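Visitor: Sequences listed follow chains A and B, in order. Residue numbers for the first sequence, in the numbering used here: 22 to 354. Residue numbers for the second sequence, in the numbering used here: 370 to 447. Structure in structure tokens, see below.
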Amino acid sequence: MFYFTEICTSTKYLIFLYKFLKIEYFVFVKNVLKKFEVFLFFLVFDFVVEASEYKVYFGNIHAHCEYSDGKGTALEAYIYARDVAKLHFFSLTDHMEQLTPDELSETIRAAEETRIEGIYETLWGFEWGSPIYNHSNMFMTERFYSVDCYVNDRIKKFYAELIRYPPVIMQFNHPDYNPNLPMYNYHQYEYNKDVDKLVSLIEIKSAFDKDDRHEMSYIQALDKGWHLSPVCNQDNHDSDWGSKNGCRVAVWLPSLTRESLIEGLKRGRTYSTWNQNVIVKWLCDGRWAGETVFTKEMVHCELIVSDPDETDMYTSVEVITTGGKVYKTINDF
Amino acid sequence: MVGFNLNFSEDNKWFYLRIKKGDEVIVWSAPFYYEKPVSMDGGIDAASDEDIISDAFYVGEKLGYEGNNGGCGCSFLR
């Protein structure tokens, strides 16, 4: 939709853009050096795709091949995820310290060769690992970050490097909750506003972990101010890229393109699921979870939970809030 | 479809959903966040009654490969 009620042609006007993506107002302030004369023009530039036009896509963005401690080649992995596991999107993320530049190039080549726009989209990256701070997936960057992690408290150096050379997408991996290790999980998710701008995802449940320690870390990170959305990845180390179990990253996108996938993951329009096709659409005041910060206190939400498999019956929804408290339980939906 | 209200406050600064099948959690949703409006101009809420989409997730620096700086393995986890 595109509305145009008045056009300002002067190049002397300053433009202030209010609201990202949903640009509702352009405010043109006439040359302030003259008469401080202010004109307000109304230019509504609404290029937000309506929520009803979004679709949910399922994928797996944590997997290994023989370039680190997994099986098979990169090309085999990307083809398997597309043709056997029938994923909508997939990414290899071999361990950075085991990956050579040539192997990363091979991974990129495989990702590019196998993608089919609208049907199967690919990302590529690697898994940065520290025995002290835990692991993170870095996507769409060829920079191999320093891992000076045997020296105590090098987190600031790592963060500085991240800020200088940010990955396109970053994800906190398998965050096993362990408050007895002060430096674990990046100093127990001590908040860093600059790094918060880089990290958009956190694994909450992966194929390795069946207990709820991931969710406790999710709560801990949210309480400390991080803006993170949950994903479920298979962390494959065998030739089962996407078919290991029902663990999936679900993401709402206007269309399945690489650009759209990156945007959806960076903005956090995801959910973490152990069911490979459950559809969960949760909007409050017409906005998507993950990407919306409200500044008003009361909002109205609408939730749709559906599943193509008739045997998959969901029994309750718990609304979780600060500290992990159950705010509300919904049994009839 | 089910509708319900959420009431944000300093004690409820974010909400996410846990969708269950019996006792088993199947889905964890992304959260909605709350930030108290910043007061400006003698106490007038600059952003009252407005909700904003966070742009906190956007970065634009050029990326570049500068070689493998080595690593320290992943024995702690797997």
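Glycine included, C-beta positions come from ideal geometry on N, C-alpha and C. Please read all numbers here as calculations on a predicted model, not as lab measurements.
1) So is Ser151/A buried or exposed if we call it buried at 16+ other beta carbons inside 10 Å?
2) Just verifying my parser: in three-state terms, what is the DSSP assignment at Ala399/B?
3) Does Asn381/B come out as helix, strand or coil in the three-state DSSP assignment?
4) Look at the Cβ atom of Phe193/A, then the Cβ atom of Ile283/A, and state whether they are nearer than 9 Å.
5) In chain order, what residues of the same chain have a beta carbon less than 7 Å from the beta carbon of Asp244/A, not counting five sequence neighbours either side?
6) Using a Cβ cut-off of 8 Å, which residues of the stretch 278-299 of chain A contact any Cβ in chain B, in chain order?
7) Mind pulling the chain B residues with CB within less than 9 Å of Cys268/A?
8) Quick one: list the residues of chain B neighbouring Thr135/A, beta-carbon separation under 8 Å, in chain order.
9) Of the residues Pro329/A, Glu312/A and Ala84/A, which one's Cα is nearest the Cα of Tyr403/B?
10) Out of curiosity, what's the CA-to-CA distance linking Ile413/B and Val407/B?
11) Would you kindly work out how many angstroms separate the C-alpha atoms of Glu379/B and Ala132/A, rounded to a whole number?
12) Report the residue from Val252/A, Lys177/A, Val189/A and Leu183/A whose alpha carbon sits nearest the alpha carbon of Pro196/A.
13) Measuring straight from C-alpha to C-alpha, what distance separates Arg288/A and Val270/A?
14) Hey, is the stretch 234-250 of chain A in contact with the stretch 75-83 of chain A, meaning 3+ C-beta pairs nearer than 8 Å?
15) Indicate whether Tyr180/A and Ser238/A have their beta-carbon atoms separated by less than 9 Å.
16) Does the structure place the stretch 298-314 of chain A close enough to the stretch 346-354 of chain A that three or more beta carbon pairs sit under 8 Å?
17) Leaving out five residues on either side along the sequence, give the residues of the same chain with a beta carbon under 6 Å from the beta carbon of His156/A.
18) Closer than 8 Å by C-beta to His258/A: which residues in its own chain qualify, once you throw out the five before and the five after it? Chain order, please.
19) In whole angstroms, what separates the C-alpha of Ile341/A from that of Gln255/A?
20) Quick check on the DSSP output: what are the complete beta strand (DSSP E) runs of length 3 or more inside the stretch 269-344 of chain A, in order along the chain?
21) Please classify Ala84/A: does DSSP put it in a helix, a strand, or coil?
22) Ile341/A touches chain B at which residues, Cβ-Cβ below 8 Å?
23) From which residue to which residue does the alpha helix (DSSP H) around Phe179/A run?
24) So the beta strand (DSSP E) Gln192/A belongs to, where does it begin and stop?
25) Look at the alpha carbon of Ser367/A and the alpha carbon of Ile395/B, and state the distance between them as a whole number of angstroms.
26) Can Tyr154/A and Tyr207/A be called in contact, C-beta distance under 9 Å?
27) Mapping DSSP to helix, strand and coil, what is Met237/A?
28) Got a sec? Which residues, its chain only, sit under 7 Å from Leu286/A by beta carbon, not counting five neighbours each side?
29) What residue range is occupied by the uninterrupted beta strand (DSSP E) comprising Asn254/A?
30) State the DSSP-derived secondary structure class of Asp197/A, mapped to helix, strand or coil.
31) By Cβ distance, which residues of its chain are closer than 6 Å to Ile225/A, with the 5 residues on each side in sequence left out?
32) Taking only the alpha-carbon atoms, compute the straight-line gap between Val105/A and Asn296/A and give it to the nearest angstrom.
33) Going by the beta-carbon positions, is the gap between Thr128/A and Trp145/A smaller than 9 Å?
34) Using 10 angstroms around the beta-carbon of Tyr171/A, count the other beta-carbons present and answer buried if the total reaches 16, otherwise exposed.
35) In chain order, which beta strand (DSSP E) runs of at least 3 residues are fully inside the stretch 109-152 of chain A?
Guide: In short, the structure shows the following:
1) When all chains shown are included, Ser151/A counts as buried.
2) In the three-state reduction of the DSSP assignment, Ala399/B falls in the coil class, being assigned neither a helical nor a strand state.
3) Note: Asn381/B maps to coil in three-state DSSP.
4) No, the pair does not count as a contact, with Cβ atoms beyond the cut-off.
5) Excluding the 5 residues flanking it on each side, Asp244/A has same chain C-beta neighbours closer than 7 Å at Thr343 and Gly344, in chain order.
6) Residues of the stretch 278-299 of chain A with a C-beta atom less than 8 Å from some C-beta of chain B are Lys287, Arg288, Gly289, Arg290, Thr291, Tyr292, Ser293, Thr294, Trp295, Asn296 and Val299, listed in chain order.
7) Within chain B, no C-beta atom comes less than 9 Å from the C-beta of Cys268/A; the nearest is roughly 11 Å away.
8) None at all; the shortest Cβ gap to chain B is about 22 Å.
9) Checked all of Pro329/A, Glu312/A and Ala84/A; the closest Cα to Tyr403/B is Glu312/A.
10) With a pLDDT of 45 at Ile413/B, under the threshold of 50, the predicted position of this residue should be treated as unreliable, though the coordinate-derived value follows. Approximately 9 Å, taken between the alpha carbons.
11) In this structure, the CA atom of Glu379/B is about 44 Å from the CA atom of Ala132/A.
12) Each of Val252/A, Lys177/A, Val189/A and Leu183/A was checked against the Cα of Pro196/A, and the nearest Cα belongs to Val252/A.
13) Looking at the backbone, the Cα of Arg288/A and that of Val270/A are separated by about 14 Å.
14) No: fewer than three Cβ pairs fall under 8 Å.
15) Not in contact: Tyr180/A and Ser238/A (Cβ atoms no closer than 9 Å).
16) The stretch 346-354 of chain A is not in contact with the stretch 298-314 of chain A.
17) Sequence-distant Cβ neighbours of His156/A in its own chain, meaning closer than 6 Å and more than five residues away, are Glu148, Gly150 and Asn194.
18) His85, Asp90, Gly91 and Lys92.
19) C-alpha separation (whole angstroms): 25 Å.
20) Within the stretch 269-344 of chain A, the complete beta strand (DSSP E) runs of at least 3 residues fall at 269-274, 291-294, 300-305, 313-315, 319-327 and 337-342.
21) Correct three-state label for Ala84/A: strand.
22) Near Ile341/A (Cβ distances below 8 Å), the residues of chain B are Phe384, Tyr385, Leu386 and Arg387.
23) Phe179/A -> alpha helix (DSSP H) spans Ile176 to Arg185.
24) Counting along the chain, the unbroken beta strand (DSSP E) around Gln192/A starts and ends at Ile190 to Phe193.
25) With chain A represented from 22 up to 354, any question about residue 367/A goes unanswered, as that position is not in the structure.
26) Cβ distance < 9 Å, so Tyr154/A and Tyr207/A count as in contact.
27) In the structure shown, Met237/A sits in a helix (DSSP, three-state: H, G or I).
28) The residues are Ile190, Ser221, Leu222 and Val272.
29) That run of the beta strand (DSSP E) goes Ser250 to Asn254.
30) Coil.
31) Correct list, in chain order: His235, Glu236, Tyr239, Pro251 and Ser293.
32) Taking the straight line from one Cα to the other gives about 17 Å.
33) In this structure, Trp145/A lies closer than 9 Å to Thr128/A by Cβ.
34) Annotation note: pLDDT 49 at Tyr171/A (below 50); position unreliable, coordinate value reported separately. Answer is exposed; the Cβ neighbour count stays below 16.
35) Within the stretch 109-152 of chain A, the complete beta strand (DSSP E) runs of at least 3 residues fall at 110-116 and 142-151.
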